[in-house]
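Numbering (this note's numbering), first residue to last: 5 to 146. Here a beta-carbon is modelled for each residue, glycine too, at the ideal position from N, C-alpha and C. Step one of this worksheet: look at the structure below.
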């Protein structure tokens with residue numbers, strides 16, 4: 005992760021120290037020497053500003069990479085949830101289709117309260133019923 009840009013306080017302090025030392029001598033100093041000193045100070049200040057700017061750029065780049073990774077993770081999470089829902093719908097439709105096809109194939113003897121499922125089949129789960137062979141269901145087929 006990118007580190008935050010930290011100003012170089014040591015160099016800034018050095019620049020201000022030089023300025024405070026040279027200020028009393030400004031009245032008696034040569035103009036060319038003063039301009040050279042000012043140019044050096046401006047150069048130092050520009051370097052510090054450039055370092056700060058570059059540090060902020062690196063910070064923003066790091067944040068952008070972090071946000072892009074987070075967006076990819078959320079997108080993948082949505083894909084996984086959608087896949088889970090799709091599989092659940094598929095399993096539900098398979099169970100529904102298998103129960104429909106069983107009711108079309110099997111015939112149960114009518115009783116006083118309508119169609120009654122034989123006790124032997126009531127004890128078997130729906131999944132197990134879908135796995136029975138034709139011979140095992142033969143006594144209940146039409």
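(message) Quick check: what's the CA-CA separation for residue 140 versus residue 94?
(response) 27 Å
(message) I'd like the list of long-range same chain contacts for residue 99, defined as Cβ closer than 6 Å, with 5 residues on each side in sequence excluded.
(response) none
(message) Distance check for residue 35 and residue 41, CA to CA, integer angstroms please.
(response) 10 Å
(request) Determine the DSSP secondary structure at residue 128, reduced to helix, strand or coil. (result) coil
(request) Could you tell me whether the Cβ atoms of residue 11 and residue 56 are closer together than 8 Å? (result) yes
(message) Output needed for residue 26: all residues of its chain with C-beta closer than 7 Å, excluding positions within five of it in sequence on either side, in chain order.
(response) 41
(request) Assuming residue 80 and residue 48 form a contact by the criterion Cβ under 8 Å, report the distance between their Cβ atoms to the nearest whole angstrom. (result) No, residue 80 and residue 48 are not in contact; Cβ-Cβ is about 49 Å, not under 8 Å.
(message) Given this structure, state the Cα-to-Cα distance separating residue 50 from residue 21, to the nearest angstrom.
(response) 17 Å
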